[in-house]
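For reference, the structure discussed in these notes is given below.
Set out below in structure tokens:
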């Protein structure tokens, strides 16, 4: 129910004439990051658009690691915008990672 009240009683993922909170955040972040981007391409991935089951960040983290590994030493930032509801299974995944935090 909190998500409905926080966005004019609409789902936070609602796509309409008014940008939803995620679209607003991406717009602001995109404008900020574009000054530091050489190729004017900022990869963005969407997930969690279905309202069933827990959210897992593992697939996007693994995809980001692959992008970094294939980038030839370029600097990268992974930013995850979430609604604050992170299930314990996502937290536990950090203990099982393959050393991502040791990458440059």
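Numbering (full-length UniProt numbering), first residue to last: 1 to 104.
Even glycine gets a Cβ: it sits at the ideal position worked out from N, Cα and C.
Remember, predicted model here, so these are calculated numbers, not experimental data.
Checklist entry - Out of curiosity, what's the CA-to-CA distance linking residue 75 and residue 15? => result Here the question's residue 75 lines up with position 75 in the chain shown. Here the question's residue 15 lines up with position 15 in the chain shown. Residue 75 and residue 15: Cα-Cα distance of roughly 32 Å.
Item to check | Classification of residue 1 by the beta-carbon crowding that lies within 10 angstroms, buried from 16 upward | outcome: Here the question's residue 1 lines up with position 1 in the chain shown. Any reading at residue 1 needs caution, since the residue's pLDDT is 44, under 50, leaving its predicted position unreliable; the model's value is listed next. Label assigned to residue 1: exposed.
Next on the checklist: For a cutoff of 7 Å on Cβ pairs, would you count residue 14 as touching chain B?
Outcome noted: The chain labelled as chain B is not found in the depicted structure, where only one protein chain is given.
Item to check | Where residue 35 falls, given that 16 or more other Cβ within 10 Å makes a residue buried | outcome: Here residue 35 is taken as the residue at index 35 of the chain shown, counted from 1. Its Cβ having fewer than 16 others within 10 Å, residue 35 is exposed.
Next on the checklist: Rounding to the nearest angstrom, what Cα-Cα distance links residue 37 and residue 77 in this structure?
Outcome noted: The residue labelled residue 37 in the question sits at position 37 within the chain shown. The residue labelled residue 77 in the question sits at position 77 within the chain shown. Using only the alpha carbons, I get a separation of about 11 Å.
Checklist entry - Among residues of its own chain, excluding the 5 on either side of residue 27, which ones have a beta-carbon nearer than 8 Å to its beta-carbon? => result Here residue 27 refers to the residue found at position 27 of the chain shown. So the qualifying residues of the chain are 19.
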